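Notes for the one structure printed next.
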Amino acid sequence: MKKAFLQTINLFKTLLPMLCGVLLLVSLMHQLFQNQYRNWFTGNYLLDPLIGAVAGSISFGIPITSYITGGELLQAGVSLLAVTAFIMTWTTVGLVMIPLEATALGRRFAVIRNLLNFIFGLLVAIATVYTLELLS
Amino acid sequence: MTSSASFLSKLNGRIKFLIFMLGLYVIIALFNPALTINALNYFIVILAKIMPILGLVFIILFGTNLFLNPEKIRKHLGTDSGLRGWFYAIIDGIIISGPPYVLYPMLGELKNHGARNALIATILYNRNVKIHFVPAMIYYFGIRYTIVLSVYILLFSLLNGKLVELLVDE
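Protein sequence lines, in the order shown, are assigned to chains E and R. For what it's worth, my numbering labels the leading residue of the first sequence as 1, then goes sequentially. For what it's worth, my numbering labels the leading residue of the second sequence as 137, then goes sequentially.
In structure tokens:
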């Protein structure tokens with residue numbers, strides 16, 4: 001039991017400085033980007049999904065926040081493709097969390113996973129929108 | 137100057153990152169104090185919110201270290217877990233709730249105990265399918281959209297896991 005306790009303490013000692021650093025970064029990004037999303041989209045059908053994916057990648061929060069923001073973007077005229085890319089990368093890509101992810105799971109894992117998820121975010125968005133078009 | 141440089145070089149990357157962030161806040165405070173204060177307030181709010189969660193994470197990690205041995209993890213999420221492992225990864229990803237800074241340490245421990253990179257990546261990808269958030273998604277995007285997107289997330293999570301493992305382990 002003592003060994004398990006010490007292992008957990010050591011893990012926390014490793015993670016806490018990184019966690020505080022990441023939260024400081026998240027807090028700063030939140031101040032810079034909150035309520036700014038609508039201004040980022042151009043109306044270009046090809047460019048907007050990429051912007052959506054980038055916006056989702058640098059954002060942070062529980063998935064429901066991305067649905068609410070995505071719903072508002074849709075109402076503002078942003079394409080479903082861009083909004084879906086935004087929702088997908090919101091949860092699956094965490095640019096500001098990469099240092100923490102790398103500490104826990106390894107740098108190579110964190111970088112490759114986030115890169116792949118960015119690409120997959122776009123692919124899932126395209127697949128979803130085209131499937132919906134086919135179904136309708 | 138030389139001694140401070142030598143002191144910094146002895147620190148590990150995590151401490152350096154924290155010092156870098158604090159330095160960034162000091163620099164931004166010189167140009168935009170209001171932004172810095174708002175960011176610090178937000179930081180305190182998040183920290184206060186996650187303190188109880190971190191307590192819970194500590195207990196879970198302690199329990200993991202105490203009761204889960206590498207053999208058990210390898211059996212369910214290791215290289216020999218087969219199709220059952222993929223199934224567990226999908227279900228775990230859907231069920232597990234919580235912010236990444238809570239999940240990463242837990243998944244890191246599973247990895248240290250022998251879990252496959254592919255299955256950890258699959259768990260992380262399926263975080264996008266959250267049963268308790270489905271009503272909200274239906275409200276904003278409709279039921280058809282929610283079903284189609286969820287199915288694609290499940291399918292792509294498997295491909296994602298396989299590719300992550302292929303590229304990380306090579």
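Glycine included, every Cβ here is placed at the ideal spot set by N, Cα and C. The model shown is predicted, which means the values in this text are computed figures rather than measured ones.
Beta-carbon separation of residue i and residue j under 9 Å?
| i | j | result |
| --- | --- | --- |
| R:Ala175 | E:His30 | yes |
| E:Thr103 | E:Thr14 | yes |
| R:Ile259 | R:Leu285 | no |
| R:Phe269 | E:Ile62 | yes |
| R:Leu294 | R:Ile256 | no |
| R:Leu160 | E:Leu24 | yes |
| R:Tyr275 | E:Gly71 | yes |
| E:Phe86 | E:Gly52 | yes |
| E:Met18 | R:Phe153 | yes |
| R:Ile267 | R:Ile226 | no |
| E:Pro49 | E:Ala82 | yes |
| R:Asn248 | R:Leu290 | no |
| E:Tyr130 | R:Met273 | no |
| E:Gly106 | R:Val304 | yes |
| E:Tyr45 | E:Thr69 | no |
| R:Leu147 | R:Ile155 | yes |
| E:Val78 | R:Phe179 | no |
Using the Cβ count rule (16 or more neighbours within 10 Å means buried), how would you classify residue i?
| i | result |
| --- | --- |
| R:Ile279 | exposed |
| R:Tyr237 | buried |
| R:Ile195 | exposed |
| E:Val93 | buried |
| R:Lys181 | Checking the sequence, you will find Val at residue 181 of chain R rather than Lys. By the 10 Å Cβ count, R:Val181 comes out exposed. |
| R:Leu158 | exposed |
| E:Arg113 | buried |
| R:Asp216 | exposed |
| R:Phe203 | exposed |
| R:Lys185 | exposed |
| R:Tyr240 | buried |
| E:Leu116 | buried |
| E:Thr84 | buried |
| E:Met1 | exposed |
| R:Lys208 | exposed |
| R:Thr200 | buried |
| E:Thr65 | exposed |
| R:Leu302 | exposed |
| R:Pro188 | exposed |
| R:Asn168 | exposed |
| R:Gly250 | buried |
| E:Leu73 | buried |
| R:Phe223 | exposed |
| R:Arg150 | buried |
| E:Leu140 | Here chain E has residues from 1 to 136 only, and residue 140 of chain E is not among them. |
| E:Glu101 | buried |
| R:Asn177 | exposed |
| E:Pro99 | buried |
| R:Asn264 | buried |
Below 8 Å on the Cβ atoms is my contact criterion, and I expect residue i with residue j to pass it. Report the Cβ-Cβ distance as a whole number of Å.
| i | j | result |
| --- | --- | --- |
| E:Phe109 | R:Asn253 | 6 Å |
| E:Ser57 | E:Leu28 | So it is not a contact: roughly 16 Å between Cβ atoms. |
| E:Ile132 | R:Tyr288 | The identity of residue 132 of chain E in the sequence shown is Leu, whereas the question assumes Ile. Actually they are not in contact, since the Cβ atoms of E:Leu132 and R:Tyr288 sit about 11 Å apart, beyond 8 Å. |
| R:Leu197 | E:Thr8 | 5 Å |
| R:Phe292 | E:Leu135 | So it is not a contact: roughly 19 Å between Cβ atoms. |
| E:Phe118 | E:Thr89 | 6 Å |
Taking a Cβ distance cut-off of 8 Å, strictly less, list which residues of the region 225-242 of chain R are near chain E, in chain order.
-> Listed in sequence order: Pro235, Pro236, Tyr237, Tyr240, Pro241.
Could you list the residues in the region 54-72 of chain E with a C-beta less than 8 Å from some C-beta on chain R, going in chain order?
-> Cβ contacts with chain R come from Ile62, Pro63, Ile64, Tyr67, Ile68, Gly70, Gly71.
Please go through the region 159-239 of chain R and give each complete beta strand (DSSP E) segment of 3 or more residues, from N-terminal end onward.
-> none
Residues in the region 254-265 of chain R with C-beta within 8 Å of chain E's C-beta atoms, listed in sequence order?
-> For the region 254-265 of chain R, the beta-carbon criterion of a distance under 8 Å to any beta-carbon of chain E is satisfied by Ile256, Ala257, Leu260, Tyr261, Arg263, Asn264.
Against chain R: residues of the region 4-25 of chain E by CB proximity under 8 Å = Ala4, Phe5, Gln7, Thr8, Leu11, Phe12, Thr14, Leu15, Pro17, Met18, Leu19, Cys20, Gly21, Val22, Leu23, Leu24, Leu25
In the region 186-205 of chain R, which residues sit with their C-beta less than 7 Å from some C-beta in chain E, listed in chain order?
-> Under the 7 Å Cβ criterion, the region 186-205 of chain R contributes Phe194, Leu197, Phe198, Asn201, Leu202.
For the region 99-127 of chain E, which residues have a beta carbon sitting closer than 8 Å to at least one beta carbon of chain R?
-> Answer in chain order: Pro99, Leu100, Glu101, Thr103, Ala104, Leu105, Gly106, Arg108, Phe109, Ile112, Arg113, Leu116, Asn117, Phe120, Leu123, Val124, Ala127.
Could you list the residues in the region 76-88 of chain E with a C-beta less than 9 Å from some C-beta on chain R, going in chain order?
-> Leu80, Val83, Thr84, Ile87, Met88
Complete beta strand (DSSP E) runs within the region 20-91 of chain E (minimum length 3 residues, chain order) | none
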